[in-house]
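Protein chains: 2
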Amino acid sequence: MTQGPKRTPVWQSIANALRGDIAEARYVQGDKLPTEAALSKRFGVNRHTVRHALSQLVEEGLVHKRRGAGAFVAARPTDYAIGKRVRFHENLLAAGRHPEKRMLQIETRLADGSEAAALQIAEGAQVCVYHGLSLADGQPIALFESVFPTDRLPGIAQALEQHRGVTDALADVGIIDYTRASTRLTAVLANQIHAMHLQLREGDPLLKSTGVNVDGTGAPVEFGRTFFAGDRVTLTLGG
Amino acid sequence: MTQGPKRTPVWQSIANALRGDIAEARYVQGDKLPTEAALSKRFGVNRHTVRHALSQLVEEGLVHKRRGAGAFVAARPTDYAIGKRVRFHENLLAAGRHPEKRMLQIETRLADGSEAAALQIAEGAQVCVYHGLSLADGQPIALFESVFPTDRLPGIAQALEQHRGVTDALADVGIIDYTRASTRLTAVLANQIHAMHLQLREGDPLLKSTGVNVDGTGAPVEFGRTFFAGDRVTLTLGG
DNA sequence: CAATATTTGTTCGTATGTATG
DNA sequence: GCATACATACGAACAAATATT
Chain A
16 MTQGPKRTPV
26 WQSIANALRG
36 DIAEARYVQG
46 DKLPTEAALS
56 KRFGVNRHTV
66 RHALSQLVEE
76 GLVHKRRGAG
86 AFVAARPTDY
96 AIGKRVRFHE
106 NLLAAGRHPE
116 KRMLQIETRL
126 ADGSEAAALQ
136 IAEGAQVCVY
146 HGLSLADGQP
156 IALFESVFPT
166 DRLPGIAQAL
176 EQHRGVTDAL
186 ADVGIIDYTR
196 ASTRLTAVLA
206 NQIHAMHLQL
216 REGDPLLKST
226 GVNVDGTGAP
236 VEFGRTFFAG
246 DRVTLTLGG
Chain B
16 MTQGPKRTPV
26 WQSIANALRG
36 DIAEARYVQG
46 DKLPTEAALS
56 KRFGVNRHTV
66 RHALSQLVEE
76 GLVHKRRGAG
86 AFVAARPTDY
96 AIGKRVRFHE
106 NLLAAGRHPE
116 KRMLQIETRL
126 ADGSEAAALQ
136 IAEGAQVCVY
146 HGLSLADGQP
156 IALFESVFPT
166 DRLPGIAQAL
176 EQHRGVTDAL
186 ADVGIIDYTR
196 ASTRLTAVLA
206 NQIHAMHLQL
216 REGDPLLKST
226 GVNVDGTGAP
236 VEFGRTFFAG
246 DRVTLTLGG
């Protein structure tokens with residue numbers, strides 16, 4: 016009787032429920048989620064099933080966990096108007112649209128594998144992450160996050176919060192010149208987090224852009240990930 | 016008692032071992048990894064531990080799994096440089112891969128609106144369209160169609176059928192050099208046609224690229240539409 | 001084409017280690 | 001030190017998708 020003819024896995028349903036709780040601000044940024052044991056009881060499932068759901072949310076970046084402490088809400092879909100950024104700003108202006116940036120969150124946490132590799136730092140080193148949303152004519156077109164190595168850029172978190180742009184913030188911590196070492200583009204499917212921020216549906220196509228900015232010595236100072244709504248954005252090169 | 020004073024989790028060690036096997040080409044792209052049961056026996060651990068390791072590799076993009084079938088070594092995303100001069104073969108050879116092009120169809124028909132606009136010819140003018148499939152190491156990575164203005168390039172159809180590459184065919188009709196004037200990128204979902212040729216599933220993400228190549232005088236000589244398999248190709252800019 | 005075996009996916013249970021508060 | 005809570009690991013069973021006979 017624990018097993019019915021369900022089509023969707025229980026752990027996904029739990030992930031959805033928790034995601035909904037966060038989306039509805041029942042849990043807000045920094046809040047500690049109930050313990051795995053409590054969630055197990057609440058949903059009437061085994062603790063492993065809850066863990067599976069939580070690990071999904073962690074992978075999506077919505078939740079981060081600390082051993083012995085608990086699981087915490089990492090990001091909240093709240094609109095904080097601030098900031099501007101480079102590169103794609105010009106493209107939007109050139110396309111005759113009104114660009115706008117919204118800072119979603121600035122958090123300090125530990126680098127995951129891909130971030131560590133891109134920034135050439137140790138996995139688990141501290142990083143500062145800037146979450147933001149790009150809009151054109153009021154419509155969200157891109158969700159991005161910029162990851163900065165705090166060891167290499169002491170004070171970057173404060174600088175980011177004090178300045179409107181990444182360029183100014185980097186200048187504030189001693190990086191007067193930086194260049195984009197590479198840009199990588201590929202296509203992925205939107206998950207629910209993407210869908211929420213970009214106001215589209217899960218499974219919609221996104222243009223994923225990742226890039227690394229390096230300082231004069233070639234040391235990486237920023238690793239950026241940007242997800243463009245595939246049906247709202249066309250990146251143009253040349254011409 | 017199963018655990019000694021180890022610092023690294025078993026599942027990570029297993030992931031490392033498998034990653035090494037792939038790096039050393041003991042398993043190559045497309046190969047089926049041993050079953051979870053077999054790996055459990057090989058490493059002398061529980062199947063869950065193997066699954067944990069495998070899920071790590073999946074998250075890294077090194078492996079993909081198909082329920083009921085097995086775990087397979089994922090094709091490492093092919094880096095495909097986008098710039099002024101785009102040459103399929105040169106690109107992939109530079110990436111240390113074996114390029115291949117498969118001709119699907121060559122047709123001569125009348126240009127539609129967008130094609131005419133891109134090629135700067137009259138709508139309804141005759142064009143030659145080359146439908147093809149690009150492969151790297153035997154795996155399809157892109158589906159493309161190249162539209163050539165027959166008025167501007169007499170004999171292009173025959174040249175295309177005799178040669179394997181666009182560059183050679185263009186050289187055969189007098190275009191010894193061409194450059195990419197513009198590139199437009201967006202993300203779309205694969206339809207059944209895409210899925211069939213690219214050997215993926217309907218709804219998978221594709222990177223759609225449209226571009227115009229011009230000759231030395233700036234006259235458009237080719238209008239191309241390319242659909243890259245999103246999880247097999249990474250377009251790179253700069254660097 | 002159908003039946004069967006294989007293989008991965010999910011869910012429960014249990015136990016122990018380790019970091020946090 | 002002690003209780004809490006996450007991390008890791010083993011074991012069992014069934015479901016679901018796939019491959020094979």
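Protein chains in written order, with the working numbering: chain A, 16 to 254; chain B, 16 to 254.
Ideal placement from N, C-alpha and C gives every residue a C-beta, glycine not left out.
All values reported here derive from a predicted model rather than from experimental measurement.
Is the beta carbon of residue j closer than 8 Å to that of residue i?
i: SER224/B; j: ARG247/B; result: no
i: HIS113/B; j: ASP152/B; result: yes
i: GLY139/A; j: LEU119/A; result: no
i: LEU168/B; j: HIS209/B; result: no
i: GLU130/A; j: PHE242/A; result: no
i: LYS80/B; j: LEU69/B; result: yes
i: ILE191/B; j: ASP166/B; result: no
i: LYS187/B; j: ALA174/B; result: Contrary to the premise, residue 187/B reads as Asp rather than Lys in this sequence. Taking 8 Å as the Cβ cut-off, ASP187/B and ALA174/B qualify as a contacting pair.
i: TYR95/B; j: THR249/B; result: yes
i: THR251/B; j: ILE97/B; result: yes
i: ARG124/A; j: LEU150/A; result: no
i: PRO164/B; j: LEU134/B; result: yes
Against chain B, does residue i count as a neighbour if the rule is that its beta carbon must be under 8 Å from one of theirs?
i: GLY231/A; result: no
For residue i, go through chain B and note every residue whose CB falls closer than 7 Å to its CB, in chain order.
i: VAL203/A; result: PRO220, GLY245
Might you give, ordered along the chain, the residues of its own chain that have their beta carbon closer than 6 Å to the beta carbon of residue i, omitting 5 neighbours on each side?
i: VAL144/A; result: GLU122, GLU160, VAL162
i: GLN214/B; result: PRO155
i: ASP127/A; result: none
i: THR182/A; result: none
i: LEU54/B; result: VAL65
i: ARG216/A; result: ALA210
i: GLY170/B; result: VAL188
i: PHE58/A; result: ILE29
i: HIS212/B; result: LEU148, LEU158
i: ARG240/A; result: GLU160, THR225
i: GLU115/B; result: LEU150
So which residues on chain B does residue i lean against when the C-beta distance must stay under 9 Å?
i: VAL248/A; result: LEU200, THR201, ALA202
Below 8 Å on the Cβ atoms is my guess for residue i versus residue j; work out the distance and round it to an integer in Å.
i: LEU222/A; j: ALA202/B; result: 4 Å
i: VAL88/B; j: ASP46/B; result: 5 Å
i: GLN44/B; j: ALA84/B; result: About 16 Å separates the two Cβ atoms, so there is no contact after all.
i: VAL227/B; j: PRO235/B; result: 5 Å
i: GLY218/A; j: LEU204/A; result: 5 Å
i: ALA196/B; j: VAL229/B; result: 5 Å
i: GLN207/A; j: ARG34/A; result: 6 Å
Counting only the same chain and skipping the five closest in sequence on each side, list residues whose C-beta sits under 7 Å from that of residue i.
i: THR260/A; result: Because chain A in this structure spans residues 16 to 254, residue 260/A falls outside the shown range and cannot be described.
i: TYR42/B; result: ASP36, LEU48, VAL88
i: VAL73/B; result: HIS79, LYS80
i: ALA30/A; result: ALA68, GLN71, LEU72
i: VAL25/B; result: VAL60, THR64
i: GLY76/B; result: ALA89
Apart from the five residues on each side of it in sequence, which residues of its chain come closer than 8 Å, Cβ to Cβ, to residue i?
i: ARG66/B; result: GLU51
i: GLN27/B; result: ALA68, GLN71
i: THR93/B; result: LEU107, ALA110, ARG112, ALA151, ILE156, ARG247, VAL248, THR249
i: GLU176/A; result: ILE121
Under the criterion of a Cβ to heavy atom distance below 7 Å, does residue i qualify as lining the ligand FMN?
i: ALA205/B; result: The ligand content of the structure shown is nil, which means the ligand FMN is not present either.
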